[in-house]
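Below is one structure; the comments refer to it alone.
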Amino acid sequence: MTFLIMMADPDAPDDEGSAYTSAHLLMHAAEHADRPAAEHTEPWSAHLHDAEGTYVDTLFAGVETPLDAETDTAGSVSESRQRLSTGLDST
């Protein structure tokens with residue numbers, strides 16, 4: 017599985033350890049990181065976790081139609097950013 021952990025608060029300290037001690041996003045795709053982008057078939061999803069690592073909400077669950085890696089990544093980040101900036105109750 018390929019995954020990325022990012023802090024949910026843009027004002028959080030800019031160091032790797034802070035991603036695990038503050039609210040953060042776990043973004044993942046169910047495929048190996050060493051696959052060429054052209055072979056990207058699994059969509060990204062983004063999940064919000066609190067400072068203790070407990071799951072809070074799914075911000076982006078992926079798309080049903082396969083997209084190229086660049087478009088899929090951009091869409092998941094854009095949707096997650098929108099959900100965080102407008103509140104978790106937005107759809």
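If you count the sequence shown from 1, position 11 lands on 27 in the numbering used here, and the numbers rise without skipping. Positions of the beta carbon are idealized from the N, C-alpha and C atoms, including for glycine.
Practice task
Compute the Euclidean distance between the alpha carbons of His65 and Glu86, then round it to the nearest angstrom.
Solution key: Roughly 25 Å between the two C-alpha positions.
Handout entry: Three-state secondary structure (DSSP) of Thr87
Key = Of the three classes helix, strand and coil, the one that applies to Thr87 here is helix, per DSSP.
Exercise for the section: Just grab the DSSP bridge partners of His56 for me. Expected result: By DSSP's assignment, His56 forms no beta bridge with any residue.
Exercise for the section: Check whether the Cβ atoms of Leu75 and His56 lie closer than 8 Å to each other. Expected result: No; because the gap between Cβ atoms is not below 8 Å, this pair is not in contact.
Exercise for the section: Specify the secondary structure class of Ser38 as computed by DSSP and reduced to three states. Expected result: If DSSP states are grouped into helix, strand and coil, Ser38 belongs with coil.
Practice task
Identify every residue that forms a DSSP beta bridge with Thr74.
Solution key: In the DSSP assignment, Thr74 forms a beta bridge with His63.
Practice task
Give the C-beta separation of Ser34 and Met22 to the nearest angstrom, bearing in mind that I take them to be a contact with Cβ-Cβ under 8 Å.
Solution key: Between Met22 and Ser34 the Cβ distance is about 10 Å, and since that is not below 8 Å, they are no contact.
Exercise for the section: Please state if the CB of Trp60 and the CB of Asp88 are separated by a distance shorter than 8 Å. Expected result: The answer is yes: Cβ separation under 8 Å.
Exercise for the section: List the whole-angstrom C-beta distance separating Ala67 from Ala39, where the pair is believed to meet the contact cut-off of C-beta under 8 Å. Expected result: Yes, they are in contact, since the Cβ atoms of Ala67 and Ala39 sit about 6 Å apart, within 8 Å.
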